[in-house]
Structure formats: C-alpha cells, structure tokens
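Engineer: Residue numbers for the first sequence follow my numbering, so the first one is 6 and each next one is one higher.
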Amino acid sequence: MHDIRAIRDNPAAFDAALARRGLSGMSAEVLAIDEARRAGILAAETAQAAQNAASREVGAAKARGDDAEFERLRALVAEKKAEIARLSEGAAAEDARLRDLLLTIPNLPLAEVPDGPDETGNVEIFRWGTPRRFDFAAKEHFDITGVKPGMDFQMAAKLSGSRFVVLRGAVIRVHRALAQFMLDTHITEHGLTETWTPVLVKEDAMFGTNQLPKFAEDSYQTTNGWWLIPTSEVTLTNTVAGEILDEGQLPIRMTAHTQCFRSEAGSSGKDTAGMLRQHQFEKVEMVSITTPETSLAEHDRMTRCAQAILEKLGLPYRTVVLCTGDMGFGAQKTHDLEVWLPGQNTYREISSVSVCGDFQARRMNARYRAPGGKPEFVHTLNGSGLAVGRALIAVLENGQQEDGSVDLPAVLQPYLGGRTRIAADGTLA
RNA sequence: GGAGAAGUGGCAGAGUGGUUUAAUGCACCGGUCUUGAAAACCGACGUGGGUGCAAGCCCACCGUGGGUUCAAAUCCCACCUUCUCCGCCA
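1. Starting from Cys361, trace the beta strand (DSSP E) in both directions and tell me its first and last residue.
2. Note down the Cα distance separating Arg5 from Asp223, rounded to an integer number of angstroms.
3. For Gln365 versus Leu115, is the C-beta distance shorter than 7 Å?
4. Could you give the C-beta distance for Leu23 and Gly30, rounded to a whole number, given that I count them as a contact under 8 Å?
5. Starting from Met291, follow its DSSP beta bridges and name the residues at the other end.
6. Which residue's Cα is closest to the Cα of Thr295: Gly330, Cys361, Thr190?
7. Could you tell me which of Ile89, Thr240, Gly274, Glu269 sits nearest to His262, measuring between CA atoms?
8. Please report the residue range of the alpha helix (DSSP H) in which His7 lies.
9. Determine which residues share a DSSP beta bridge with Lys338 and list them.
10. Going by Cα to Cα distance, which pick from Ile427, Ile110, Asp305 is closest to Asp412?
11. Count the other C-beta atoms from every protein chain shown that fall within 10 angstroms of the C-beta of Glu252, then say buried if there are 16 or more, exposed otherwise.
12. Rounded to whole angstroms, how far is the Cβ of Glu290 from the Cβ of Gly213, which I believe are closer than 8 Å?
13. Going by the beta-carbon positions, is the gap between Arg282 and Pro235 smaller than 7 Å?
14. Do you know offhand how far Met211's Cα is from Arg104's?
15. Can you list the alpha helix (DSSP H) stretches of 4 or more residues lying completely in the region 196-257, in chain order?
16. What three-state label does DSSP hand Ile89 in the structure shown?
17. Would you kindly check if the distance between the Cβ of Ala278 and the Cβ of Gly388 is under 7 Å?
18. Could you tell me whether the Cβ atoms of Pro111 and Phe334 are closer together than 7 Å?
19. By how many angstroms is the C-alpha of Gly409 removed from the C-alpha of Met156?
20. Is it buried or exposed for Pro347, if we count other Cβ within 10 angstroms and need 16 for buried?
21. Round the Cβ separation of Asp363 and Glu354 to the nearest angstrom and send it over; I've been treating them as touching at under 8 Å.
22. Within 10 angstroms of its Cβ, does Asn229 collect 16 or more other Cβ (buried), or is it exposed?
23. For the beta strand (DSSP E) containing Glu117, list its first residue and its last residue.
24. What span of residues does the alpha helix (DSSP H) with Gly129 cover, start to end?
25. With distance defined between alpha-carbon atoms, name the residue in Trp345, Val179, Phe158, Ala182 nearest to Val171.
26. Could you name the residues that DSSP lists as bridge partners for Leu28?
27. Are the CB atoms of Leu92 and Ala52 within a distance shorter than 7 Å?
28. Counting beta carbon pairs with one atom in the region 195-208 and one in the region 366-380, are three or more of them shorter than 8 Å?
29. Give the straight-line distance between the Cα atoms of Ala98 and Arg42, rounded to the nearest whole angstrom.
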C-alpha cells in the first residue's frame with residue numbers, strides 16, 4: 006500500500022511511475038478522496054472536542070451540586086451527539102474509501118527496472134551452464150519412458166480433475182529429495198531459518214501480502230472463511246504483521262517448504278500438459294525482513310541463494326530482470342530464474358525473487374525501531390528457492406537418456422540411498 | 001467440542017462510572033555527581049490520525065467489534081486469544 010503523504014507531496018512522480026507500468030495516473034482521484042477525508046476528519050474531531058469540553062463542564066456542575074446547570078448542559082451535550090455520529094460516519098466512510106482505493110494500486114517500479122509492455126521487455130542479466138546437446142529427440146518430462154510409471158495424470162483426474170497429478174515410486178522420491186536438498190542447503194549454507202507454517206490463513210494475511218483484494222479469484226477459500234495459501238510468502242511474511250521489531254533482530258531470513266494452492270483462473274489453456282502448472286504444488290520459499298537500507302543488497306543475496314540451488318543441481322538457467330510491464334503487483338523489482346527445459350527447447354520460470362520495499366509492510370503494519378528512534382516500516386522480500394515440481398521437471402528432462410532412463414544430479418544421492426538414476430522401467434537404480 | 005479464569009504501555013502491575021492529561025516500579029534515553037563506572041538524584045519517556053511556518057493544539061487507542069450513559073479501562077452483549085480442567089484425536 007502506498008503512503009498517502011508521498012502521493013500528496015509529489016503526485017506527478019506517482020503518476021509517472023504508474024505510467025511505467027502501463028497504468029493511467031491515479032493521483033487526482035486519490036487526492037480528491039484524501040481531501041474529502043481530511044475535511045471529514047476535521048469536522049468530526051472539532052465537534053468531538055466541543056462535546057468533550059462540554060462533558061467536563063457537566064461533571065464540574067454535578068460536582069458542585071448545581072443541578073439546574075447540570076441539567077441544562079446535559080441536554081446540550083445530548084443534542085450534539087447525533088451531529089457527531091453523523092460527522093464521524095462520514096469521515097470513516099471517506100477513510101475507508103481511500104484505503105480501498107490505495108489497496109488496489111500496485112507498487113512502483115524502482116528507477117533501474119527496465120521499461121516494457123510485457124515479458125518481451127525482460128532483460129537477461131546472467132546465464133549459467135550450457136544446455137546439453139541431445140543426439141536424440143529430447144522428450145517432455147511426462148513422455149520419458151522411465152518417468153511414465155510414476156506420474157499419473159489420469160488417476161489424479163479421477164480424484165480431483167484436471168491440473169492435478171499423482172506421483173509414485175522413484176519420481177516422488179526424487180521430488181521429496183529435491184525439497185529436502187533445497188531446505189538443507191538454505192539452512193546450512195545460506196543461513197535461513199527453517200519454518201513450518203499453516204497453509205490455511207485468515208483473510209488479513211492475504212491482504213498483507215497483496216493477494217487480496219485484487220486477486221481473490223486466483224486462490225481458494227474454505228466455507229468458513231480461511232484461504233489456502235498460494236505461496237508460503239503469505240505466512241512467512243505475515244509472521245511480522247503488526248510487530249515493532251528491534252533493529253538488531255533484522256534481517257530475519259526464513260525458508261519454508263509447503264503445499265501451495267492456486268486456482269489459476271486466468272490462465273486456463275496454458276501449459277495444460279504435464280505438471281508445469283498445477284492447482285496444488287510444493288514450493289520451498291524464502292522470505293527476508295530487512296531495514297530499508299539493506300533490502301536491495303538482500304535482493305541480490307536472495308537471488309544468489311536460488312541460483313545456487315540450480316547450480317548444485319547442474320541445471321542450466323538464466324536470470325532476467327522483469328520489466329515494468331511484467332512485474333507482479335507488490336514488487337519494486339523482480340529477478341526471474343528460468344531453467345532450461347530440453348523437452349520444450351526453452352527456458353521456463355522456476356523462481357521469482359522480488360523486493361517489495363515497504364509496500365507489504367504498510368499493509369501489515371510491520372515496523373522496526375532503531376535504538377532511540379521512531380518506528381519505521383520494514384522492507385520485505387520473497388523468492389522461490391525453488392518451485393519443487395518444476396525443479397523435478399527440469400531434473401527429469403535434463404537428465405533423460407535415449408533409452409528412457411534418467412541420470413540424476415549427484416547432490417541428490419544422499420537423499421536417494423546412494424542411487425544415481427531412474428531406470429527405463431521406472432525404478433531407482 | 002464442554003466448563004472455568006484472564007487479556008492495561010518494552011516488561012511488571014494498580015485502577016469497578018466523572019475532580020484535565022492511565023498510579024507506581026523496572027528497563028531504555030538525556031543530565032547532575034564521579035578519574036571512569038555503579039549508586040543516588042533530576043528530567044524525558046507509547047502508537048496512529050488531524051491541524052499549524054513553528055512552538056504547540058486537537059482526536060482516537062486499556063484484546064477486537066458493538067451497546068448503555070451527559071460521561072466507560074471501569075457497566076452490558078458478541079467475538080478473538082491465552083491459561084486450567086474435561087472430552088476427542090494424528
């Protein structure tokens with residue numbers, strides 16, 4: 006959420022930043038509501054102050070036993086009451102109106118973010134590894150002979166419908182190994198604190214990390230009002246909601262491995278084959294809470310943490326900076342990591358690392374205090390480290406052999422009882 | 001799920017209808033004293049909003065939301081959370 010004062014102070018800069026995202030200016034509308042709101046507050050508070058003063062006189066009259074004066078003032082104050090109620094209601098309505106509008110305006114891109122209309126405007130900044138040369142036609146993950154016995158979309162359709170999968174045997178063991186490997190790497194080498202959280206959350210949490218109010222159709226809600234998290238960014242980030250942290254506690258670096266649930270209402274028809282895009286998937290997430298001064302450096306650090314996972318797995322990837330037109334709602338700047346998928350002969354997103362500045366902190370009212378200082382909003386960052394299902398796809402497609410078997414990354418061996426490959430018959434070997 | 005108890009500032013803890021501003025202690029911060037520190041003493045010490053060039057002034061906030069009253073931390077209702085006991089359960 007935006008700071009109304011910042012918009013008031015420099016409406017032109019605010020509109021210019023929105024324009025970079027392809028949006029029309031909103032400062033005029035925001036400021037008009039803000040003006041009405043402040044006028045309403047002033048009127049209501051002035052009336053309230055008058056009543057408070059009169060009430061004190063009533064008390065004084067009562068105390069000295071002046072019954073006539075007491076009755077006269079009492080009636081006067083009672084008369085004022087309706088007026089105050091009406092004014093307060095108006096002020097509260099304008100205040101809510103402003104907040105509702107501010108909640109729907111996306112974060113502003115940092116100056117260094119490239120301008121662009123959509124993903125075609127993204128800028129590659131780093132590339133690692135060389136895609137392997139195949140002397141046979143590389144298959145997509147679901148077509149690999151050794152994978153087929155362990156990846157059952159028909160069974161999932163029977164249970165749940167489309168965009169779900171049932172995994173069995175070697176395939177799910179590799180999936181589990183990947184998640185364990187990522188978590189272990191983050192906690193032992195990257196200094197993140199492993200955290201386990203609920204996947205059902207209250208509405209407030211979804212507002213805090215800006216899934217709500219704008220993107221309600223992307224997530225699932227239970228009949229009693231809980232939301233299923235689309236990412237553990239929601240729970241990890243909201244751990245600091247409403248808090249005033251000591252500066253010494255920062256940065257807070259967390260990681261969690263959770264189920265994620267997305268209805269993906271807007272993307273039906275995209276990536277329908279295979280398990281690239283599912284309603285339920287697993288992700289190892291990273292979240293950092295920092296001071297304003299350190300958030301950009303933290304963004305690079307977090308990007309490195311995600312890159313390190315891909316490098317240890319030996320998966321070729323590239324890193325792009327998302328352009329203004331492709332960034333998510335809450336981001337100031339985003340790095341996407343795209344892993345090479347031989348079956349699709351292209352790079353596909355496997356991680357997205359964003360710095361949000363104080364955008365989410367304002368929504369959550371998450372602050373910190375430097376010694377002797379005033380509370381200030383923290384900065385928040387989140388990134389995938391990595392999407393486990395997509396990492397599985399990448400491992401399978403990059404390791405596939407002509408005979409239908411799959412060679413697995415060496416770093417996974419400790420999690421696979423020393424085994425190194427999935428045989429063509431679908432068993433670990 | 002049932003019964004009971006409790007939610008007050010960073011912490012502890014008073015305050016059951018009104019005599020401006022939530023007592024007091026601890027912690028933190030500034031100062032006096034001291035070679036330095038401690039102790040002692042003095043002072044300052046919450047959050048958000050509005051208004052003003054500023055000093056300042058005003059409004060709200062005692063778990064949350066309603067209500068009663070001229071007036072609510074205090075009385076009433078609902079909800080949330082925590083604790084104790086019981087039930088159930090991986």
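Each residue gets a CB set at the ideal place from its N, CA and C atoms; glycine is no exception.
Structural biologist: By the coordinates alone:
1. No beta strand (DSSP E) holds Cys361; DSSP gives it neither H nor E.
2. What is shown of the chain runs 6 to 434, which leaves residue 5 out entirely.
3. no
4. 6 Å
5. Thr260, Gly388
6. Cys361
7. Thr240
8. Premise fails: His7 is in no alpha helix (DSSP H) and is neither H nor E.
9. Val360
10. Ile427
11. exposed
12. Between Gly213 and Glu290 the Cβ distance is about 15 Å, and since that is not below 8 Å, they are no contact.
13. no
14. 16 Å
15. 208-213, 238-243
16. helix
17. no
18. yes
19. 14 Å
20. buried
21. Not quite, the Cβ-Cβ distance comes to about 26 Å (not below 8 Å), so this is no contact.
22. exposed
23. Taken as a continuous stretch (DSSP letters only), Glu117 belongs to no beta strand (DSSP E), as it is neither H nor E.
24. Sequence check: residue 129 is Glu here, not Gly. First-last for Glu129: 128-133, but that is the beta strand (DSSP E), not the alpha helix (DSSP H).
25. Phe158
26. For Leu28, which the question treats as bridged, DSSP gives no partner whatsoever.
27. yes
28. no
29. 8 Å
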